[in-house]
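Protein chains in written order, with this note's numbering: chain A, 61 to 253; chain B, 538 to 714.
Here's the structure we're looking at; comments come further down.
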Amino acid sequence: MHNEGTLDRRAVVAELVRDPGELLVVSGLGSATYDVGAAGDRALNFYLWGAMGGAAMIGLGLALAQPHRHVLVLTGDGEMLMGMGALASIAAAKPPNLAIAVLDNARFGETGAQRSHTGHATDLAAVAAACGWAEVATARDMDAVAALTPRLRSEALFAVLKISPAEVPRHLPPRDGAYLADRFRRALGVAEG
Amino acid sequence: MAEFDRDTGTAFWPHALYDLLRGAGVSQFAYVPDAGHKVLIDRSLADPDAQSIPLTTEEEGVALLAGADLGGARGVLLMQSSGVGNCINMLSLIAGGRFPFLTLVSMRGEFGEGNPWQFPMGQAVVPVLEAMGVICLRAEHPDEVIPTVSAALTMAFQSGQAVAVLLTQKLIGAKSF
Chain A
61 MHNEGTLDRR AVVAELVRDP GELLVVSGLG SATYDVGAAG DRALNFYLWG AMGGAAMIGL
121 GLALAQPHRH VLVLTGDGEM LMGMGALASI AAAKPPNLAI AVLDNARFGE TGAQRSHTGH
181 ATDLAAVAAA CGWAEVATAR DMDAVAALTP RLRSEALFAV LKISPAEVPR HLPPRDGAYL
241 ADRFRRALGV AEG
Chain B
538 MAEFDRDTGT AFWPHALYDL LRGAGVSQFA YVPDAGHKVL IDRSLADPDA QSIPLTTEEE
598 GVALLAGADL GGARGVLLMQ SSGVGNCINM LSLIAGGRFP FLTLVSMRGE FGEGNPWQFP
658 MGQAVVPVLE AMGVICLRAE HPDEVIPTVS AALTMAFQSG QAVAVLLTQK LIGAKSF
């Protein structure tokens, strides 16, 4: 029990970023980064390999800098829990072009699958709503994921996707942060020099 | 030139500093409020072309500024010295991504401090920032603020460095208790 989901994380992420077009994607460290990489490496993905708790705020800085693009932050429950204050900061800033999808397996998956706070007591969608997010959702099946996908790519939506805690093979996208940042800026056309 | 506006009792340099930052293309002002940054915060709130972003903890600002740079924007993190300690691991992001980073730190726990709880972090600001690869510059006199922040802007946004300007208690005054 412990509030566990059944969704296949790779299938969920493949759905969310299928034919991504100009979508700007930031992934939180650990499995979310592997999932986004496995769905297809591209210049407009910025993968985090550290900076735990920072994914949502990177998304905010990017969304404010690029108001005509949509930003999707894909991260895990542990990463989102560490940066939970960002939900209040983002709600205060109210960017219309930033969405967050939390891949919630109720586990700290990288470190031995210890149960996380979402597996104990915490509902991150309710936290986001209480912080002032107008649109929040929770998905437990692929039909719900499919329904949320276009919204995550066009609205200011916070979604919790209840994935299975089952481990999947690691897929390792590029990990040099300076390379990833430079590649991203060049693809966006904002690189200097 | 007088250092203070006689009508309001406030220093002139914070207004010149805001104009300097905006003139250098800084558009995102992120902060956990501190009295030492009051003018910059108020000016950013009143500026329709700037984004004024209150944070719940200072490390959010480190991540925010990395995101701003990914999107081609420039930002500054305004914080008190006590907030520096909240940023340490997140500065890995600045180092790893070689992001430009500019922060203005209003100091506590040094010259004339009357609250003993401010000393441990205030005295640790420079060693911990330097340990994480952030260059520290100090401004102790009103005349030093603009040239020091000008230098920091060049170092951050032309040379891609991480730079902190410490606005010292000698400059901004110690809080009275």
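Here a beta-carbon is modelled for each residue, glycine too, at the ideal position from N, C-alpha and C.
Taking a cut-off of 8 angstroms on C-beta distances, the stretch 675-685 of chain B does not touch the stretch 620-639 of chain B, as fewer than three cross pairs fall below it.
In this structure, B:G598 sits near B:L614, with a CB-CB distance shorter than 8 angstroms.
Within chain A, G121, L122, L124, A125, Q126, V250 have C-beta atoms less than 9 angstroms from the C-beta of B:A610, given in sequence order.
Look at B:K707 here: in three-state DSSP terms it is helix. With contacts defined as CB atoms closer than 8 angstroms, B:Q565 and A:G121 qualify as a contacting pair.
Contacts with chain A (Cβ-Cβ distance below 7 angstroms) from the stretch 637-667 of chain B involve no residue at all. Distance from the CA atom of A:Q126 to the CA atom of B:E595, rounded to whole angstroms, is 22 angstroms. Beyond the five residues adjoining it in sequence on each side, B:A603 comes within less than 7 angstroms, by CB distance, of L630, I631, G634, F636 in the same chain, given in chain order. In the three-state reduction of the DSSP assignment, A:A181 falls in the coil class. Against chain B, the CB of A:G88 has no partner CB under 8 angstroms away; the residue lies outside that interface.
Think of a sphere of 7 angstroms around the beta carbon of B:S629: the chain A residues whose beta carbon falls inside it are G110, A111, in chain order. The beta carbon of A:W109 sits closer than 8 angstroms to those of L89, T93, R235, G237, all from its chain and outside the five residues before and after it, given in chain order. Rounded to the nearest whole angstrom, the CA to CA distance from B:S713 to B:R645 is 12 angstroms. Assignment of A:I150 by DSSP, reduced to helix, strand and coil, places it in the helix class.
Neighbourhood of A:A238 in chain B, by CB distance below 8 angstroms: G633, G634, R635, in chain order. Within the same chain, F648, E677 come within 7 angstroms of B:K707 by CB-CB distance, once the 5 residues on both sides are set aside. Apart from sequence neighbours up to five positions away, the residues of its chain that approach A:A216 with a beta-carbon distance below 8 angstroms are K154, P155, P156, N157, L158, A159, W193, A194, E195, ordered along the chain. Taken in chain order, the unbroken stretches of alpha helix (DSSP H) that lie wholly in the stretch 152-212 of chain A and span 4 residues or more are 177-180, 184-191, 202-212. A Cβ-Cβ distance of about 24 angstroms is found for the pair B:A711 and B:E667, leaving them out of contact under the 8 angstroms criterion.
In this structure B:H552 is in contact with B:V576, their Cβ atoms being roughly 6 angstroms apart against a cut-off of 8 angstroms. Residue-level contact by beta carbon holds for B:L592 and chain A, with a gap shorter than 8 angstroms.
Distance from B:F638 to B:V665 at the Cβ level is roughly 15 angstroms; contact not present, criterion being Cβ atoms closer than 8 angstroms.
Between A:V250 and B:G608, the beta carbon gap of about 7 angstroms places them in contact (Cβ cut-off 8 angstroms).
Look at the stretch 595-623 of chain B: the residues with a C-beta under 8 angstroms from a C-beta of chain A are E596, E597, G598, V599, A600, L601, L602, A603, G604, A605, D606, L607, G608, G609, A610, G612.
Contact annotation: A:V187 and A:E75 have beta-carbon atoms that are not nearer than 8 angstroms. Separation of the CB atoms of A:A197 and A:I150 is rounded to 16 angstroms, and the pair is thereby denied contact status at 8 angstroms.
Interface annotation, B:Q698: not in contact with chain A, CB-CB separation never under 8 angstroms. What A:R245 touches in chain B, judged by beta-carbon distance under 8 angstroms, is D606, L607, G609, going in chain order. Under the DSSP assignment, B:P684 falls outside any beta strand (DSSP E), being part of the alpha helix (DSSP H) whose first and last residues are 679-694. Using a CB distance cut-off of 8 angstroms, B:Q706 does not count as an interface residue toward chain A.
If the five residues before and after B:T705 are omitted, its C-beta is found closer than 8 angstroms to the C-beta atoms of M644, E647, F648, R675, A676, E677, all from its own chain and listed in chain order. For A:G145, the C-beta contacts it makes with chain B under 7 angstroms involve T593, T594, E597, in order along the chain. Residue contact with chain B for A:I160: absent (no Cβ-Cβ distance below 8 angstroms to any residue of chain B). Between A:Y107 and A:S87, the CB-CB gap stays under 8 angstroms. Looking only at A:V131, A:D137, A:G169, A:G143, the smallest Cα-Cα distance to A:S214 is reached by A:V131. Using a Cβ distance threshold of 8 angstroms, A:L147 and A:V96 do not count as a contacting pair.
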